[in-house]
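Numbering (this note's numbering), first residue to last: 11 to 264.
The beta-carbon is built from N, C-alpha and C at its ideal position, and this holds for glycine as well.
Below is one structure, written out as structure tokens, with a few remarks after it.
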């Protein structure tokens with residue numbers, strides 16, 4: 011233990027000595043340097059040559075390699091944009107699950123695209139002539155295309171889920187359980203609101219002036235049951251669904 015502690019102290023002292031020496035070097039260099047305007051200083055690199063090298067690289071780049079890099083950037087940017095726009099919706103369980111699924115799909119796509127860019131693809135080969143290219147170029151692998159397709163599909167699902175969650179939370183602030191129930195319920199199903207606060211919020215979210223009113227009246231005679239349905243809506247020009255509708259339904263025993 012003593013020997014180990016002594017080694018640690020020695021390494022710490024050595025690191026401190028190197029740090030001090032480096033700092034002293036730069037301080038001395040800065041103090042000895044003659045002030046010179048930036049426009050008169052010698053450039054650190056040749057701008058023209060560097061740009062020509064970049065353009066030459068892009069001219070010889072295979073379109074697939076360029077598309078590979080563009081897809082990587084777009085997928086990463088899309089994930090960042092969706093997560094950033096989620097805000098309070100991140101507290102909703104189904105949104106968390108959806109974004110976690112999206113993260114895994116995008117990570118998978120980026121991994122496969124990186125492997126293809128490094129030359130590890132097992133996909134199709136494009137044999138180019140010696141006049142066009144000096145070596146064979148390959149397309150993106152089938153696995154990469156499939157991974158990107160799955161990532162895009164999941165991205166569309168995540169965008170829809172986040173948009174709906176954010177919209178519902180705007181109407182029902184901090185009611186994460188209610189929003190979870192609304193997002194996970196199938197169309198046409200009923201949701202039981204057991205908490206009084208949730209019922210108040212739902213009623214408050216409805217418009218003050220309803221577009222249509224519906225009444226159902228039943229008689230008290232069990233021997234001749236019948237009911238009258240009344241649907242009333244304000245009459246507006248060019249609308250065929252508003253007005254007054256009466257419907258009577260009568261039942262009888264066989």
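Of all C-beta pairs linking the segment 70–79 to the segment 102–111, fewer than three are shorter than 8 Å, placing the two stretches out of contact. Across the structure, residue 198 and residue 224 are spaced so that their CA atoms are roughly 18 Å apart. Distance from the CA atom of residue 208 to the CA atom of residue 188, rounded to whole angstroms, is 7 Å.
The C-alpha of residue 102 is placed about 11 Å away from the C-alpha of residue 194. Contact annotation, residue 171 with residue 105: C-beta distance approximately 6 Å; criterion of less than 8 Å satisfied. Per the coordinates, the alpha-carbon of residue 214 lies some 29 Å from the alpha-carbon of residue 92. Counting every other CB atom within 10 Å of its CB across the protein chains shown gives residue 30 a total below 16, marking it as exposed.
With contacts defined as CB atoms closer than 7 Å, residue 85 and residue 191 fail to qualify as a contacting pair. Where residue 230 is concerned, there is no enclosing beta strand (DSSP E), because DSSP gives it neither an H nor an E.
By the neighbour-count definition (other C-beta atoms within 10 Å, threshold 16), residue 116 is a buried residue.
Secondary structure note for residue 109: its alpha helix (DSSP H) is the uninterrupted segment 103–127.
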